[in-house]
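All residue numbers for the sequence shown refer to numbering that gives the first Met the number 0, where the first residue is 0 and numbers rise by one.
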Amino acid sequence: MGERQPLYEGKAKIIYPGPDTGTLVQYFKDDATAFNARKKDVITGKGVLNNFISEHIMNRLGAAGVTTHFIERMNEREQLIRALEIIPVEVVVRNVAAGSICPRLGLTEGDDLPSTLVEFCLKDDALGDPIIAREHILTFGWANAGEFDVMVAETHRINTLLTDIFAAINVRLIDFKLEFGRPADGSGGLMLADEISPDNCRLWQVGTDEKMDKDRFRRDLGGLTEAYQEIARRLGVTIPQAF
Ligand code: TMP
Ligand code: ASP
0 MGERQPLYEG
10 KAKIIYPGPD
20 TGTLVQYFKD
30 DATAFNARKK
40 DVITGKGVLN
50 NFISEHIMNR
60 LGAAGVTTHF
70 IERMNEREQL
80 IRALEIIPVE
90 VVVRNVAAGS
100 ICPRLGLTEG
110 DDLPSTLVEF
120 CLKDDALGDP
130 IIAREHILTF
140 GWANAGEFDV
150 MVAETHRINT
160 LLTDIFAAIN
170 VRLIDFKLEF
180 GRPADGSGGL
190 MLADEISPDN
200 CRLWQVGTDE
210 KMDKDRFRRD
220 LGGLTEAYQE
230 IARRLGVTIP
240 QAF
């Protein structure tokens, strides 16, 4: 296993070739980064928790008719996924003001937004994932107009589904980030890619607004593993004891 050559290594995951054509293996690391990797640490077990939580969420979205890259979880740290050509756009959905939008637009964390806000960032670490508009996406050909419309419509549908999934476990879905891709073999339309876990969602306990997501790391609050374990437990996801 250690001999495999990664195809791509990101901040929290590694992509390896898959066993069959059109497949890849997505490996979840324990690395935690924030602020475009200016803050870094290793949090033992985070990768395992995100692998299991993301499996659960992707399966629930799939059952509701969302097309995703997820095929199956292979082991504690790896998933078999469909090979996609990733659209280099991070789609950020905000239901409540938190994180980077607060200083950018002078909002206070926890403010309700007039309606759900969908923002786009270019997926480019060297540039610091700058915020972009639809016009940039179309002008530079990162997606075409049809793909853009599908991405936004799917994003709203996923927001509704995820908001309900988390509300059912007494958690508020504040915001989250999605990525989409096209099947590398040219078949079919857009698919949801990447992961959905407390690393790329803001999740607050109903009633207290206690943070149950990666803000525990970003803000040095401690207790990240415990928070992710609690999310898993409430979702009914069983995590192996030793990691
Ligand atoms: P932000 O407030 O830092 O812009 O983040 C908004 C949401 O998107 C939050 O749930 C974290 C998630 N996110 C990622 O998953 N990856 C990223 O690179 C960024 C910037 C945000
Ligand atoms: N994942 C990004 C980073 O490493 C941003 C974040 O989630 O805060 O910097």
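Idealized CB from N, CA, C, for every residue including glycine.
Would you give the residue range spanned by the alpha helix (DSSP H) that residue i belongs to?
{"i": "A144", "result": "144–166"}
{"i": "T224", "result": "223–234"}
{"i": "T20", "result": "Where T20 is concerned, there is no enclosing alpha helix (DSSP H), given that its DSSP letter is neither H nor E."}
{"i": "G46", "result": "45–62"}
By the 10 Å Cβ neighbour count, where 16 or more other Cβ atoms means buried, how is residue i classified, buried or exposed?
{"i": "A125", "result": "exposed"}
{"i": "H68", "result": "buried"}
{"i": "E84", "result": "exposed"}
{"i": "L223", "result": "buried"}
{"i": "D184", "result": "exposed"}
{"i": "G105", "result": "exposed"}
Please indicate yes or no: does the CB of residue i lie closer than 7 angstroms to some heavy atom of the ligand ASP?
{"i": "F34", "result": "yes"}
{"i": "K213", "result": "yes"}
{"i": "R217", "result": "yes"}
Nearest CA to the CA of residue i: which residue from the options?
{"i": "T159", "options": "A226, F175, V24, E8", "result": "F175"}
{"i": "L234", "options": "N49, F119, G127, I13", "result": "N49"}
{"i": "N199", "options": "G105, R3, T32", "result": "T32"}
{"i": "L23", "options": "Q78, S186, A167", "result": "Q78"}
{"i": "D19", "options": "I238, I86, R81, H135", "result": "R81"}
{"i": "G21", "options": "I56, A167, G187", "result": "G187"}
Taking the continuous beta strand (DSSP E) assigned at residue i, which residues delimit it?
{"i": "A97", "result": "Neither: A97 is in no beta strand (DSSP E) and is coded neither H nor E."}
{"i": "D111", "result": "111–121"}
I think residue i touches residue j, with their Cβ atoms under 8 angstroms apart; what is that distance to the nearest whole Å?
{"i": "I173", "j": "L191", "result": "Actually they are not in contact, since the Cβ atoms of I173 and L191 sit about 20 angstroms apart, beyond 8 angstroms."}
{"i": "E153", "j": "L189", "result": "7 angstroms"}
{"i": "Y26", "j": "R76", "result": "6 angstroms"}
Sorry if obvious, but does the Cβ on residue i come closer than 7 angstroms to a heavy atom of the ligand TMP?
{"i": "D174", "result": "yes"}
{"i": "E108", "result": "no"}
{"i": "D29", "result": "no"}
{"i": "I85", "result": "no"}
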